[in-house]
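Student: Starting off with a structure, shown below.
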Ligand SMILES: Nc1ncnc2c1ncn2[C@@H]1O[C@H](COP(=O)(O)OP(=O)(O)OP(=O)(O)O)[C@@H](O)[C@H]1O
Ligand code: SF4
Ligand SMILES: [Mg+2]
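Chains as they are written, first to last, in our numbering: chain A, 1091 to 1425; chain B, -7 to 305.
Printed below as a string of C-alpha cells:
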C-alpha cells in the first residue's frame, strides 16, 4: 500500500432498513476517503444517517433489521463488506475502533473497567492476563484517568460520564487502530467535560497517528478538531470540503442553515433554529432533492430530479449536491 | 461481601419479626375458639376452660404475644397437640425430604432452563426457539398435581421406571434417589418453564444493549459476547424469578408430596390442618416464615454476587 492511498475508502455505501416489510435506504451512495492521520467530521441533524454510516464501516448494522445493500468499505485496502463475522471480529477493535455517544450505557455494568479495556488486547494481541493488565494500565494513564492503578478494578457505575468516555477512548486505542470512529463522543457530557474529552481525543489521535471520523451535529465543535467536513442530509452527502472552505464559503443551503444554528455553549440543541421542518423519514423520501421541502432556494426542477454531487469549478475538493448552488461536473460520474 | 451479608441479615430481622407478629395475630384473631376447635362442640365448659388455661388463651393478647415471641426466639415451637412431640422434632424429621425436593427441582429448572433460554434467544424464531417455547408453555399450563398424576401413570404405573409410593426404603440412597426423580422432575419442569422464559426475554433485551454493541465493536468473539458480556446481566431478572418462585415451589410441593406420597413439610401441614393441630399449624407457619426469609436472603446474596452495583447500596 502506498503512502498516499487512503486508510479508509468508502465507495458508494448504501445501507437499508426494513420498515413495514420493505427495504429503505438510511444511507445512500455515500463515498469518502480518509488519509492517514486525517480527521473527517461528519455533520448533520439527528436521523441523517451519520451513525449508520459509521456502523456500516464497523459492520455493526443491526442484523435482520438492516443490511449493507451495496458499496465497498476499503480499510487499508481490504474490502470489509464481504468479510465473514469471524473475520470481522479480527478487524474490529484492532484496525478500526468506535467510540459511542452514550458513556452511561456503553460500558458493561457487571465487568470492571480494567477488564473491559484489557479484553481487546487479549483477543487481538493474545496477551496474557498480567501483560494485558500492564498495557491497559498504561492506556489508563494515557487517557488521564486519575489514580489509574487504584481505579482499574472499579466498575463503570463508580465512574462519572467524562471518566467513562475516557475508558471508552482507552478501549478504542488499545490495539492502535488505523481508524477511529467517534460517534458524538462528547454530546452527552457537560460542557466543560466536553472540551476536555475533545482535547484528549485530538491529543491521542496525534500521538497514535490515527485517522479519525468525528461525528457530530454541532459544526462549532468541528472547527477545532477536523481537517475536512462532510455534511449529510437524509442519508446522502450534500456537501464536503476542507474545514476552512466550509466556514468561509458554505455552499449548500443546508450547510448554511447548520452554520446559522451552531449551538452556543449554554444551549445544547439539535434543532435547526434557522429553518423549520425536519429530516424526512427513510420510508417517506421525496422524489427529487431531499431537502426541497425545507429549502429557501427551491425551484421546480429540484422536485423533479435529485441533484448529483458536483465539484465546485474553482475548488475540486469542495463538493456540493444542489441544482442551484452546485457546479457542472458530477463527482459520481468521475468515480 | 461479608459486610453485605451482615447488612442483609440486619434488614431481614425486622421482616422476620413482622411475619411472626402476623402469624401470631392470624392464629389468635381468626374466627373460632381454638379450644372449641380442638375439643369439638360437645366438650364441657370445664374441659374448654382447662384447655384454654393450658394454652394460655385466657391471658390478655399482649401477654400471649410476649409468650409467643419468647418461645419462638428461644428456639422452641412447642409441642404438637396431637402427638405431644416437639414440633421442631417433627419438622426436623421431614425437612430433609422437602429440602432435597426443592433443591433438586430448582437445579433441574436452572441448569436446564438457563441454557435453553439462551439458545432460544440466540436462535430467535428458529425451530429451537419454538420448541423451547412450547416446552415452557406446557410447563406453565399444567397444574403441578395434574402433571404429577400424569407422570405417575406413565412412568411409575405403565413403564414401572420409578416407584409409585416414594416413601418406601428411604434409607437406601439409591432407592431414595429413584423416589426423588419423579417428584423433582414434576416440580422442576415448572421451574424450568419459568426460567426458560425469563432467560430468553431478558437475554433478548440485554443483547440489544449499548454495551453489547461496545463489546462487539472491540472484536470480542460472538460466543464470548453471549457468555461473558450478556449472560451475567441477563441473569439478574432470572434470580428475581427464581427467588420469588422458591416460595411457590415450596407451596407446590404440598400437592406433589401428597400425589407421590412423600414425607415432607407439605404433608405435615395438611395433616395438621385435617387434625386441627393448632399448635402444629402455628409452628409450621413460623417455619415457613423462616424459610421464606432465608430464601430472600439467598436471593439478595446472589444479586450481590452477580451485580456489582448491588453491593454498594
Ligand atoms: N434499526 C433501525 N430500523 C429502522 N430504521 C432505522 C434503524 N436504525 C436507524 N434507522 C433510520 O436510519 C436513519 C439514520 O439513522 P442514524 O442513527 O444514522 O442517524 P444519525 O445521523 O446518527 O442521528 P443522531 O444524531 O440522532 O445520532 C434514521 O432515519 C433512522 O430512522
Ligand atoms: S437542489 Fe434545490 S431544493 Fe435542493 S438544496 Fe438545492 S436549491 Fe434547495
Ligand atoms: Mg447517531
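The C-beta atom is built at its ideal place from N, Cα and C for all residues, glycine as well.
Pull up the DSSP beta-bridge partners for residue 1114 of chain A, would you.
Tutor: Taking the first chain and counting its residues from 1, the one referred to as residue 1114 of chain A is at position 24. Note: residue 1114 of chain A sits in a beta bridge opposite A:1107.
Student: Does the beta carbon of residue 1155 of chain A fall short of 7 angstroms from some heavy atom of ligand 1?
Tutor: As a first step, residue 1155 of chain A is located in the first chain; it is residue number 65 there, counting from the start. Yes, since a heavy atom of ligand 1 falls inside the 7 angstroms radius drawn around the Cβ of residue 1155 of chain A.
Student: Give a yes or no on contact between the region 1268 to 1288 of chain A and the region 1110 to 1117 of chain A, applying the rule of three or more CB pairs nearer than 8 angstroms.
Tutor: No: fewer than three Cβ pairs fall under 8 angstroms.
Student: Have a look at A:1408, A:1213 and A:1169 and flag the residue whose alpha-carbon is nearest the alpha-carbon of residue 209 of chain B.
Tutor: Here the question's residue 209 of chain B lines up with position 217 in the second chain. Nearest option by C-alpha distance: A:1213.
Student: Can you tell me which of the three DSSP states residue 85 of chain B falls into?
Tutor: Within the second chain, residue 85 of chain B is the residue found at index 93, counting from 1. Helix.
Student: Can we say the region 1121 to 1132 of chain A touches the region 1295 to 1309 of chain A, given the rule of at least three CB pairs closer than 8 angstroms?
Tutor: With the cut-off at 8 angstroms, the region 1121 to 1132 of chain A and the region 1295 to 1309 of chain A touch.
Student: Closer than 9 angstroms by beta-carbon distance: list the chain B residues that pair up with residue 1296 of chain A, in chain order.
Tutor: Here residue 1296 of chain A refers to the residue found at position 206 of the first chain. Simply none; closest approach about 23 angstroms.
Student: Buried or exposed for residue 1243 of chain A, please, with buried defined as at least 16 other CB atoms from any protein chain shown within 10 angstroms of its CB.
Tutor: As a position in the first chain, residue 1243 of chain A is number 153, starting the count at 1. Exposed: under 16 other Cβ atoms inside 10 Å.
Student: At the 8 angstroms Cβ level, is residue 11 of chain B part of the contact set with chain A, yes or no?
Tutor: As a working mapping, residue 11 of chain B is identified with position 19 in the second chain. It does not; no Cβ of chain A falls within 8 angstroms.
Student: Near ligand 2, which residues have their beta-carbon closer than 7 angstroms to a heavy atom?
Tutor: Going by the Cβ distance cut-off, the answer is A:1342, A:1343, A:1344, A:1379, A:1381, A:1382, A:1385, A:1387, A:1388, A:1389, A:1392, A:1397, A:1412, A:1413, A:1414 and A:1415.
Student: Which residues of chain A have a Cβ atom closer than 8 angstroms to the Cβ of residue 203 of chain B, listed in chain order?
Tutor: In the second chain, counting from the first residue as 1, residue 203 of chain B sits at position 211. Going along chain A in sequence order, the residues near residue 203 of chain B (Cβ under 8 angstroms) are 1195, 1196, 1197, 1198 and 1199.
Student: Can you check the region 127 to 200 of chain B for any alpha helix (DSSP H) of at least 4 residues that lies completely inside it and give the ranges in chain order?
Tutor: Correct list: 136 to 143 and 165 to 199.
Student: Please report whether the beta-carbon of residue 225 of chain B lies at a distance below 8 angstroms from any beta-carbon of chain A.
Tutor: Here residue 225 of chain B corresponds to residue number 233 of the second chain, with the count starting at 1. With 8 angstroms as the cut-off, residue 225 of chain B counts as an interface residue toward chain A.
Student: Does DSSP put residue 1331 of chain A in a helix, in a strand, or in coil?
Tutor: Working through the first chain from its first residue, we reach residue 1331 of chain A at position 241. In the structure shown, residue 1331 of chain A sits in a strand (DSSP, three-state: E or B).
Student: Quick check on residue 122 of chain B: buried or exposed, where buried means 16 or more other Cβ atoms within 10 Å of its Cβ?
Tutor: To locate residue 122 of chain B, count along the second chain from 1; it is residue 130. That one is exposed.
Student: Select from the region 288 to 300 of chain B all residues with a C-beta closer than 9 angstroms to any C-beta belonging to chain A, and list them in chain order.
Tutor: The residues in question are 298, 299 and 300.
Student: Going along chain A, which residues have a C-beta under 7 angstroms from residue 55 of chain B?
Tutor: On the second chain, residue 55 of chain B is found 63 positions in, with the first residue counted as 1. Here the premise fails: no neighbours, minimum Cβ distance about 51 angstroms.
Student: Nearest CA to the CA of residue 1210 of chain A: which residue from A:1234, A:1182 and A:1413?
Tutor: For the purposes of this step, residue 1210 of chain A is taken as the residue at position 120 of the first chain. Nearest of A:1234, A:1182 and A:1413 to residue 1210 of chain A, Cα basis: A:1182.
Student: Is any heavy atom in ligand 1 found nearer than 7 angstroms to the beta carbon of residue 1137 of chain A?
Tutor: In the first chain, counting from the first residue as 1, residue 1137 of chain A sits at position 47. Yes, since a heavy atom of ligand 1 falls inside the 7 angstroms radius drawn around the Cβ of residue 1137 of chain A.
Student: Please work out which residues of its chain come closer than 7 angstroms, Cβ to Cβ, to residue 1340 of chain A, disregarding the five sequence neighbours upstream and downstream, and give them in chain order.
Tutor: Within the first chain, numbered from 1, the residue matching residue 1340 of chain A stands at position 250. Excluding positions up to five away in sequence, the list reads 1346 and 1349.
Student: If we count the other Cβ atoms within 10 Å of its Cβ and call it buried at 16 or more, is residue -6 of chain B buried or exposed?
Tutor: Counting from one through the second chain, the residue named residue -6 of chain B turns up at place 2. It is exposed - the Cβ of residue -6 of chain B has fewer than 16 other Cβ atoms within 10 Å.
Student: Enumerated in chain order, which unbroken segments of the alpha helix (DSSP H) with a length of 4 residues or greater are wholly contained in the region 1213 to 1265 of chain A?
Tutor: Whole alpha helix (DSSP H) segments, 4+ residues: 1219 to 1232, 1238 to 1241 and 1251 to 1263.
Student: Is it right to say residue 1172 of chain A is buried, meaning 16 or more other beta carbons lie within 10 angstroms of its own, or is it exposed?
Tutor: For the purposes of this step, residue 1172 of chain A is taken as the residue at position 82 of the first chain. Classification for residue 1172 of chain A: exposed.
Student: Cβ closer than 9 angstroms: which chain B residues qualify as neighbours of residue 1182 of chain A?
Tutor: The residue you call residue 1182 of chain A lines up with position 92 of the first chain. Those are 208, 209, 210, 211 and 212, listed as they occur along chain B.
Student: Excluding the five sequence neighbours on either side, which residues of its own chain have a C-beta within less than 6 angstroms of the C-beta of residue 1178 of chain A, listed in chain order?
Tutor: On the first chain, position 88 is the one that residue 1178 of chain A refers to. So the list reads 1149, once near-sequence residues are dropped.
Student: State yes or no: is the C-beta of residue 1141 of chain A nearer than 7 angstroms to some heavy atom of ligand 3?
Tutor: Your numbering for residue 1141 of chain A matches position 51 in the first chain. Flag set: Cβ of residue 1141 of chain A near ligand 3.
Student: Does DSSP put residue 1097 of chain A in a helix, a strand or coil?
Tutor: As a first step, residue 1097 of chain A must be located in the first chain, where it is residue number 7. Looking at residue 1097 of chain A - three-state DSSP - the assignment turns out to be coil, as it is neither helix nor strand.
Student: Can you give, in chain order, each stretch of the alpha helix (DSSP H) that sits fully within the region 193 to 246 of chain B and has at least 4 residues?
Tutor: Entirely contained in the region 193 to 246 of chain B, the alpha helix (DSSP H) runs reaching 4 residues are, in chain order, 202 to 209.
Student: What does residue 1136 of chain A touch in chain E if you count any residue whose Cβ is under 7 angstroms from its own?
Tutor: Absent from the structure is chain E; the protein chains it does hold are A and B.
Student: Please look up how many angstroms separate the CB atoms of residue 1139 of chain A and residue 1121 of chain A, rounded, as I've assumed it's under 8 angstroms.
Tutor: As a working mapping, residue 1139 of chain A is identified with position 49 in the first chain. As a working mapping, residue 1121 of chain A is identified with position 31 in the first chain. Rounded, the Cβ-Cβ distance is 13 angstroms, inconsistent with contact.
Student: Extract the residue ranges of the beta strand (DSSP E) inside the region 246 to 292 of chain B, only unbroken runs of 3 or more that lie entirely within it.
Tutor: Listed in chain order, there is nothing to give.
Student: Short of 8 angstroms in beta carbon distance, which residues of its chain neighbour residue 1041 of chain A, apart from the five on each side in sequence? Order them along the chain.
Tutor: For chain A, the structure presents residues 1091 to 1425; residue 1041 of chain A sits outside this window and is missing.
Student: On the three-pair Cβ rule with 8 angstroms, is the region 201 to 208 of chain B touching the region 63 to 73 of chain B?
Tutor: Segments in contact, no.
Student: Hey, would you say residue 1416 of chain A sits closer than 8 angstroms to residue 1397 of chain A, going by beta carbons?
Tutor: Counting from one through the first chain, the residue named residue 1416 of chain A turns up at place 326. Counting from one through the first chain, the residue named residue 1397 of chain A turns up at place 307. Yes, they are a contact pair.
Student: Could you have a look at residue 1360 of chain A and say whether DSSP puts it in helix, strand or coil?
Tutor: Taking the first residue of the first chain as position 1, residue 1360 of chain A is located at position 270. Reliability of the predicted coordinates at residue 1360 of chain A is poor, the pLDDT of 49 falling under 50, and the value obtained from them is presented with this limitation in mind. Residue 1360 of chain A: coil per DSSP, three-state reduction.
Student: Hey, residue -4 of chain B and residue 296 of chain B are a contact pair by Cβ (cut 8 angstroms); roughly how many whole angstroms apart?
Tutor: Sequence index remark: in the second chain, residue -4 of chain B carries index 4 (1-based). Sequence index remark: in the second chain, residue 296 of chain B carries index 304 (1-based). So it is a contact: roughly 5 angstroms between Cβ atoms.
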